[in-house]
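Working notes, beginning with the structure itself.
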Amino acid sequence: MRVVAIAVFTCVLASCAIEPPKPWEKGNLAKPEMQFDYDRLDTKTQQHIYTSKEGATGGYGVGGGGCGCN
Amino acid sequence: MAVTERNLQLLAAALALPGVMPSAHAQSAPDKGIFELQYLSYRDWQPGRNRMSVDAPACYALIPLSDTWVVEGGMVYDAMSGASPLYFNVLSGASIGDYRTAGDLKVTKYMGDWAYSVGGFVSSEQDFLSRGGSLNLQFFSDDRNRTWLVGVAGTNDRINATNGVAPNSERNSWEFVVGVTQALTPNDIVQSNLTFYSGHGYYSDPYKPLDTRPSTRDTYAWLTRYNHYFVDADATLKIGYRLLFDSFGDTSNTFEASWAQALPWGFVVTPALRFYTQTSADFYMNPPFPSGFVEGQNYSADTRLASFGAITAGAMVSKTVWDGWNVSLRADYYRQDPDWQVFGSGSPGIQTFSARWFQVNLSKNF
Numbered sequence: 013m014r015v016v017a018i019a020v021f022t023c024v025l026a027s028c029a030i031e032p033p034k035p036w037e038k039g040n041l042a043k044p045e046m047q048f049d050y051d052r053l054d055t056k057t058q059q060h061i062y063t064s065k066e067g068a069t070g071g072y073g074v075g076g077g078g079c080g081c082n
Numbered sequence: 041m042a043v044t045e046r047n048l049q050l051l052a053a054a055l056a057l058p059g060v061m062p063s064a065h066a067q068s069a070p071d072k073g074i075f076e077l078q079y080l081s082y083r084d085w086q087p088g089r090n091r092m093s094v095d096a097p098a099c100y101a102l103i104p105l106s107d108t109w110v111v112e113g114g115m116v117y118d119a120m121s122g123a124s125p126l127y128f129n130v131l132s133g134a135s136i137g138d139y140r141t142a143g144d145l146k147v148t149k150y151m152g153d154w155a156y157s158v159g160g161f162v163s164s165e166q167d168f169l170s171r172g173g174s175l176n177l178q179f180f181s182d183d184r185n186r187t188w189l190v191g192v193a194g195t196n197d198r199i200n201a202t203n204g205v206a207p208n209s210e211r212n213s214w215e216f217v218v219g220v221t222q223a224l225t226p227n228d229i230v231q232s233n234l235t236f237y238s239g240h241g242y243y244s245d246p247y248k249p250l251d252t253r254p255s256t257r258d259t260y261a262w263l264t265r266y267n268h269y270f271v272d273a274d275a276t277l278k279i280g281y282r283l284l285f286d287s288f289g290d291t292s293n294t295f296e297a298s299w300a301q302a303l304p305w306g307f308v309v310t311p312a313l314r315f316y317t318q319t320s321a322d323f324y325m326n327p328p329f330p331s332g333f334v335e336g337q338n339y340s341a342d343t344r345l346a347s348f349g350a351i352t353a354g355a356m357v358s359k360t361v362w363d364g365w366n367v368s369l370r371a372d373y374y375r376q377d378p379d380w381q382v383f384g385s386g387s388p389g390i391q392t393f394s395a396r397w398f399q400v401n402l403s404k405n406f
């Protein structure tokens with residue numbers, strides 16, 4: 013588990029060295045599929061299902077509200 | 041490099057192209073609104089016995105009020121029926137019928153290099169009421185390739201179980217998030233968030249006999265997500281990892297991956313896989329019930345706090361139909377199995393648990 017965490021963190025740091033896009037190069041980044049949580053209703057629904065069936069909850073932002081399911 | 045008149049003209053022309061105005065990480069106010077309807081049909085079961093069914097219509101809207109003000113909000117109604125476990129896989133004899141109504145509203149103001157959002161939310165059930173508010177700040181880099189996020193939310197939950205256990209109980213919690221989203225290349229973007237949750241109050245399950253949980257709960261979550269767009273394939277790979285530590289004693293790892301493939305006639309097909317694994321809470325005791333229970337000490341026989349692994353396999357098909365309308369269908373199959381715990385051994389003596397859900401969404405950009 014610790015190895016996985018270190019590996020992912022290293023990849024993130026290594027990726028930061030990559031040259032970011034120019035303003036006219038952001039067409040692909042603007043596609044819905046490239047955005048995090050583009051469909052917020054769908055994201056919230058999926059997280060609610062997992063929260064009600066698993067021990068872990070949270071990590072996807074703050075302000076989602078609670079429920080009596082867990 | 042000196043910025044010439046020619047460079048500025050080229051830049052202005054490029055920004056004027058459709059889809060080029062950067063919205064990939066929401067660093068500028070969206071210029072289009074969204075209205076969305078959703079219907080969810082959920083069912084779960086254990087070997088030989090159905091458990092819960094949920095039907096949940098929901099809606100969501102995002103409306104730009106001006107160049108700098110955006111309001112968004114949603115509502116959901118969950119109608120639940122079926123049976124839930126009293127302890128381990130022993131189900132309550134009576135069929136449960138309950139409903140939940142929840143809504144949230146958030147207003148965002150864009151200030152140039154930064155933005156703030158103020159939100160409120162409420163969730164109401166027959167025996168549970170949750171209310172809270174949030175404040176999020178976003179800071180944008182000069183090149184608009186990086187966004188820092190700082191957020192806080194406070195929640196008050198009131199519990200009034202219908203069986204009379206622990207009447208007028210409540211818990212209060214705070215949540216904090218710090219995160220960064222970075223566009224790495226024209227085809228790569230990464231996001232990493234750290235979230236801390238701290239709560240105090242009633243955390244036990246009043247419908248489970250002898251269930252006694254700590255009155256404080258802290259969780260630390262680290263979530264990292266990465267998207268890559270394959271130009272030649274016109275497809276997007278999305279991967280994510282979440283590591284979460286809980287003061288209840290359980291640690292969880294979540295791995296997610298999906299592939300969004302664009303197809304002719306406006307179709308997008310997205311198969312997805314999720315793998316989740318958790319260790320058990322310190323006070324979860326293995327069967328038989330109530331082995332391990334000591335009066336005055338924490339105890340739970342809730343299998344959600346056991347050690348297990350879970351896999352979700354799903355797919356979504358979406359299509360842009362006409363004039364900003366989009367329809368999508370989603371199907372997921374989920375299964376928990378103690379033998380799928382990979383960071384240790386799974387809890388003995390509990391059954392597998394399965395669920396499936398279907399979802400249809402209809403949205404309109406305006």
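From first to last, the protein sequence lines are chains A and B.
Here our numbering is used: the first residue of the first sequence is 13, the next is one more, and so on.
Here our numbering is used: the first residue of the second sequence is 41, the next is one more, and so on.
By construction, the Cβ of each residue, glycine as well, lies at the ideal position given by its N, Cα and C atoms.
Worksheet item: Taking three-plus beta-carbon pairs below 8 Å as touching, is the stretch 318-328 of chain B in contact with the stretch 268-278 of chain B?
Response: no
Item to complete: Name the two residues that bound the continuous alpha helix (DSSP H) containing Ser64 of chain A.
Response: 52-65
Worksheet item: If you drop the 5 nearest sequence neighbours on each side, which residues of the same chain put their C-beta closer than 7 Å to that of Asn200 of chain B?
Response: Asp167, Pro207, Asn208
Fill in: Pair within 7 Å by beta-carbon distance, Asn196 of chain B and Ala223 of chain B
Not in contact: Asn196 of chain B and Ala223 of chain B (Cβ atoms no closer than 7 Å).
Worksheet item: If you run the structure through DSSP and keep just helix, strand and coil, what is Arg344 of chain B?
Response: helix
Worksheet item: Within 10 angstroms of its Cβ, does Ser255 of chain B collect 16 or more other Cβ (buried), or is it exposed?
Response: exposed
Worksheet item: In whole angstroms, what separates the C-alpha of Arg211 of chain B from that of Gly289 of chain B?
Response: 19 Å
Worksheet item: Got a sec: is the Cβ-Cβ distance from Thr9 of chain A to anything in chain B below 7 Å?
Response: Nothing in the structure corresponds to residue 9 of chain A, since chain A is present only between 13 and 82.
Fill in: Option nearest Tyr242 of chain B by Cα separation, candidates B:Phe216, B:Asn267, B:Val205, B:Leu277
When the alpha-carbon of Tyr242 of chain B is set against those of B:Phe216, B:Asn267, B:Val205, B:Leu277, the nearest one is in B:Val205.
Worksheet item: Does at least one heavy atom of the ligand COA sit under 6 Å from the Cβ of Ser232 of chain B?
Response: Judged by which ligands are present, the structure shown has none, so any question about the ligand COA falls away.
Fill in: Unbroken beta strand (DSSP E) run spanning Met92 of chain B, endpoints
It spans 89-104 - the beta strand (DSSP E) in which Met92 of chain B sits, taken as one unbroken run.
Discussion item. With the cut-off set at 7 Å, would you say Thr57 of chain A and Leu80 of chain B are in Cβ contact?
Written reply: yes
Worksheet item: Taking C-beta to C-beta, are Thr202 of chain B and Tyr150 of chain B nearer than 7 Å?
Response: no
Discussion item. Quick check: what's the CA-CA separation for Gly172 of chain B versus Gly194 of chain B?
Written reply: 5 Å
Worksheet item: Does the Cβ of Trp397 of chain B have 16 or more other Cβ atoms within 10 Å, making it buried, or fewer, making it exposed?
Response: Under this definition Trp397 of chain B is a buried residue.
Worksheet item: Relative to the alpha-carbon of Phe309 of chain B, which residue among B:Trp362, B:Thr276, B:Ser394 has its alpha-carbon at the smallest distance?
Response: This sequence places Val at residue 309 of chain B; Phe is not what is there. Per the Cα distances, B:Thr276.
Worksheet item: Measuring CA to CA, which of B:Pro249, B:Phe348, B:Pro104 is closest to Ser292 of chain B?
Response: B:Phe348
Worksheet item: Since Gln399 of chain B meets chain E, which of its residues come closer than 8 Å, beta carbon to beta carbon?
Response: Absent from the structure is chain E; the protein chains it does hold are A and B.
Worksheet item: Is the Cβ of Phe406 of chain B closer than 7 Å to any Cβ of chain A?
Response: no
Fill in: Distance between beta carbons of Lys359 of chain B and Phe307 of chain B, contact taken as under 8 Å
5 Å
Worksheet item: For Ala312 of chain B, which residues from the same chain have a beta carbon less than 6 Å from its beta carbon, with the 5 sequence-adjacent residues on both sides left out?
Response: Ser298, Gly354
Worksheet item: Which class does Pro378 of chain B belong to by DSSP, given the choice of helix, strand or coil?
Response: Three-state result, Pro378 of chain B: helix.
Worksheet item: If you count every other CB in all the chains shown that lies within 10 Å of the CB of Ser64 of chain A, and 16 or more means buried, which is it?
Response: Residue environment analysis places Ser64 of chain A among the buried positions, since at least 16 neighbouring C-beta atoms fall within 10 angstroms of its C-beta.
Worksheet item: By how many angstroms is the C-alpha of Ala69 of chain B removed from the C-alpha of Asn176 of chain B?
Response: Rounded to whole angstroms, Asn176 of chain B and Ala69 of chain B show a C-alpha spacing of 15 Å.
Discussion item. Bridge partners for Gly173 of chain B per DSSP, in chain order?
Written reply: B:Gly160, B:Gly194
Practice prompt. Examine chain A for any beta-carbon lying closer than 7 Å to the beta-carbon of Thr276 of chain B, and answer yes or no.
Written response: yes
Item to complete: Could you have a look at Trp299 of chain B and say whether DSSP puts it in helix, strand or coil?
Response: strand
Fill in: Where the beta strand (DSSP E) containing Ala395 of chain B begins and where it ends
393-405
Discussion item. How far does the beta strand (DSSP E) with Thr266 of chain B in it extend, from its first residue to its last?
Written reply: Just to set this straight, residue 266 of chain B is Tyr in the shown sequence, not Thr. 256-270 is the extent of the beta strand (DSSP E) around Tyr266 of chain B.
Worksheet entry | beta strand (DSSP E) runs contained entirely in the stretch 118-169 of chain B, provided each spans 3 or more residues | 125-127, 136-150, 154-165
Discussion item. Cutting at 7 Å between CB atoms, please list the residues of its own chain near Gly122 of chain B, excluding the five before and the five after it.
Written reply: Asn90, Arg91, Met92, Ser93, Ser135, Ile136
Worksheet item: Taking 7 Å as the CB-CB limit, is Pro70 of chain B close to chain A?
Response: no
Worksheet item: Counting contacts by CB-CB distance shorter than 7 Å, is Val217 of chain B in contact with chain A?
Response: yes
Worksheet item: Which residue's Cα is closest to the Cα of Ser174 of chain B: B:Pro87, B:Val190, B:Tyr324?
Response: B:Val190
Practice prompt. Look at Arg407 of chain B and Gly71 of chain A and say whether their C-beta atoms are less than 7 Å apart.
Written response: Residue coverage of chain B in this structure runs from 41 to 406, which leaves residue 407 of chain B outside it and unanswerable.
Worksheet entry | Backbone CA spacing between Tyr373 of chain B and Asp153 of chain B [nearest angstrom] | 42 Å
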